[in-house]
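Okay, structure first, notes after.
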Amino acid sequence: MNYAYWRKCDFQVHTPRDPNWKGQRPVGENDDLNGSPATMDDVNRERQEWANEFVIMCSIRGLEVIAVTDHHEMVMVPFIKRAISDRKLEDPDFDLWFLPGMELTCHGGVQCLIIFDADLSDEWLSEAQSKLGIIKPAQKEKAKQGPAVTQLGHHYPDVAAVLDKVDELKGRYIVVPNVSDGGQHTVLKNGAHADFARMPYVGSYLDNGQNINNLGGKAKRRLSGKENDRGSRYVYPLPTSDSRTADFKNLGKNDCWMKMASPTAEAVRQAYLGHRSRISLHPPVLTSVSITAVRVSGSDIFQKLI
1 MNYAYWRKCD FQVHTPRDPN WKGQRPVGEN DDLNGSPATM DDVNRERQEW ANEFVIMCSI
61 RGLEVIAVTD HHEMVMVPFI KRAISDRKLE DPDFDLWFLP GMELTCHGGV QCLIIFDADL
121 SDEWLSEAQS KLGIIKPAQK EKAKQGPAVT QLGHHYPDVA AVLDKVDELK GRYIVVPNVS
181 DGGQHTVLKN GAHADFARMP YVGSYLDNGQ NINNLGGKAK RRLSGKENDR GSRYVYPLPT
241 SDSRTADFKN LGKNDCWMKM ASPTAEAVRQ AYLGHRSRIS LHPPVLTSVS ITAVRVSGSD
301 IFQKLI
């Protein structure tokens, strides 16, 4: 049985493939590299070096579960998985859960994160992209950065219905809309109440620097479930770092802890549903007293269970 426990999390992290990345990037194929065109061996080597550094920084920042969410792509996922695997071989106590994901720009320019189970295979991650209308060859995977941001044809409340047509994807992902206070990508903007009311999602996220405590009154009301035109359920807004710089200055600075039993979308969903006891903006205080053993006598039933 897996037991839920607190893990420091950051669920919106970008890589050098992000079009809005600031700072140095690993080379792309045929880029100049010391006077010669870079080969794919060079590309893969530099990407792995970046992933190794990234995993080290996650450890330094105390992160225990991360989601990497580049725009419509997951090019860097294999490199990060390998970096974590190699680190665990060096240090068996190293403990970092990695959830692959994407940032989606849906119809009308509003954005969502989609986060998958840690163990969902590459073929089903690719199938999810295909179902959403993401054309992998158009992602220019050999280049040092991804293409400019484009919009998907789907309205964000419909993303889950599209993916659930594939049995192997059902229950293996969670969609989390952007509810940041201000900006063009938030689903809380004026006139967007109908889509918000009909969306099937249980949680949301905020960009860097925002959390439930510093949101404006209008945003809080629209998340509260008390505005009739936006539905009757409360939608908790999870803070994220939106890390996308070479110096990792924002990575893990969102100060968020989530109580999870496994590196799965379902564990994230359960945390959203029970946010009062499963999400914290402060380091959780753990009890100093714990049960280490139980001895039962005088009961045949319990004796058989032990």
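Here the sequence shown is numbered in full-length UniProt numbering, starting from 1 and rising by one per residue.
A virtual CB, placed ideally from N, CA and C, is assigned to each residue, including glycine.
Within the continuous alpha helix (DSSP H) that includes residue i, where are the two ends?
{"i": "Gly-217", "result": "217 to 223"}
{"i": "Gln-270", "result": "265 to 273"}
{"i": "Arg-198", "result": "193 to 198"}
Is it true that the CB of residue j sits closer than 9 Å to the CB of residue i?
{"i": "Pro-100", "j": "Phe-116", "result": "yes"}
{"i": "Ala-118", "j": "Thr-264", "result": "yes"}
{"i": "Gly-209", "j": "Arg-61", "result": "no"}
{"i": "Leu-89", "j": "Lys-131", "result": "no"}
{"i": "Val-27", "j": "Glu-46", "result": "yes"}
{"i": "Gln-184", "j": "Gly-274", "result": "no"}
{"i": "Met-260", "j": "Cys-9", "result": "yes"}
{"i": "Val-75", "j": "Phe-98", "result": "no"}
{"i": "residue 307", "j": "Ala-4", "result": "It is not possible to answer for residue 307, since the shown part of the chain is limited to 1 through 306."}
{"i": "Gly-203", "j": "Arg-276", "result": "no"}
{"i": "Val-179", "j": "Tyr-156", "result": "no"}
{"i": "Asn-254", "j": "Pro-237", "result": "no"}
{"i": "Ile-291", "j": "Cys-256", "result": "no"}
{"i": "Trp-6", "j": "Leu-281", "result": "no"}
{"i": "Thr-39", "j": "Thr-105", "result": "no"}
{"i": "Ser-297", "j": "Asn-2", "result": "no"}
{"i": "Tyr-234", "j": "Leu-223", "result": "yes"}
Name the DSSP bridge partner or partners of residue i?
{"i": "Lys-22", "result": "Thr-245"}
{"i": "Phe-98", "result": "Ile-66"}
{"i": "Asn-178", "result": "Tyr-205"}
{"i": "Asp-32", "result": "Pro-37"}
{"i": "Ile-115", "result": "Gly-101, Ile-174"}
{"i": "Ile-279", "result": "Met-258"}
For residue i, which of helix, strand or coil comes out of DSSP?
{"i": "Ala-148", "result": "coil"}
{"i": "Val-13", "result": "strand"}
{"i": "Asn-44", "result": "helix"}
{"i": "Tyr-173", "result": "strand"}
{"i": "Ile-291", "result": "coil"}
{"i": "Leu-251", "result": "coil"}
{"i": "Ser-204", "result": "strand"}
{"i": "Cys-58", "result": "helix"}
{"i": "Ser-121", "result": "coil"}
{"i": "Leu-163", "result": "helix"}
{"i": "Leu-188", "result": "coil"}
{"i": "Tyr-5", "result": "strand"}
{"i": "His-71", "result": "strand"}
{"i": "Ala-143", "result": "coil"}
{"i": "Ser-126", "result": "helix"}
{"i": "Pro-136", "result": "A quick correction: the sequence has Lys, not Pro, at residue 136. In the structure shown, Lys-136 sits in a helix (DSSP, three-state: H, G or I)."}
{"i": "Arg-233", "result": "coil"}
{"i": "residue 318", "result": "No information on residue 318 is available, as it lies outside the stretch 1 to 306 that the chain covers here."}
{"i": "Glu-227", "result": "coil"}
{"i": "Pro-157", "result": "helix"}
{"i": "Asp-93", "result": "coil"}
Within the same chain, show all residues whose beta-carbon is closer than 7 Å to that of residue i, passing over the 5 residues directly before and after it, in chain order.
{"i": "Arg-25", "result": "Pro-16, Lys-144, Gln-145"}
{"i": "Arg-172", "result": "Phe-116, Asp-117, Leu-120, Ala-265"}
{"i": "Tyr-201", "result": "Val-175, Val-176, Pro-177"}
{"i": "Leu-163", "result": "Ala-128, Lys-131, Leu-169, Tyr-173"}
{"i": "Asp-242", "result": "Gln-12, Asp-207, Asn-208, Asn-250"}
Please work out which residues of its chain come closer than 6 Å, Cβ to Cβ, to residue i, disregarding the five sequence neighbours upstream and downstream, and give them in chain order.
{"i": "Thr-69", "result": "Gln-12, Gly-101, Met-102, Glu-103, Leu-113"}
{"i": "Phe-94", "result": "Arg-87, Lys-88"}
{"i": "Leu-215", "result": "Asp-181"}
{"i": "Ala-219", "result": "Asp-181, Leu-188"}
Residue range of the beta strand (DSSP E) that residue i falls in?
{"i": "Pro-78", "result": "Looking at the DSSP string, Pro-78 is not in any beta strand (DSSP E); the run it does join, the alpha helix (DSSP H), is 77 to 90."}
{"i": "Gln-210", "result": "Taken as a continuous stretch (DSSP letters only), Gln-210 belongs to no beta strand (DSSP E), as it is neither H nor E."}
{"i": "Met-258", "result": "257 to 260"}
{"i": "Leu-238", "result": "236 to 239"}
For residue i, which residues from the same chain have a beta carbon less than 8 Å from its beta carbon, with the 5 sequence-adjacent residues on both sides left out?
{"i": "residue 348", "result": "Summary: the structure shown does not reach residue 348, with the chain confined to residues 1 through 306, and so no result is reported for it."}
{"i": "Gln-139", "result": "His-72, Glu-73, Val-75, Gly-146, Pro-147"}
{"i": "Arg-82", "result": "Gln-48, Ala-51"}
{"i": "Lys-22", "result": "Arg-244, Thr-245, Ala-246"}
Verify the CB distance criterion: does residue i have a CB-CB separation below 9 Å to chain B?
{"i": "Gly-23", "result": "You won't find chain B in this structure, because it holds only one protein chain."}
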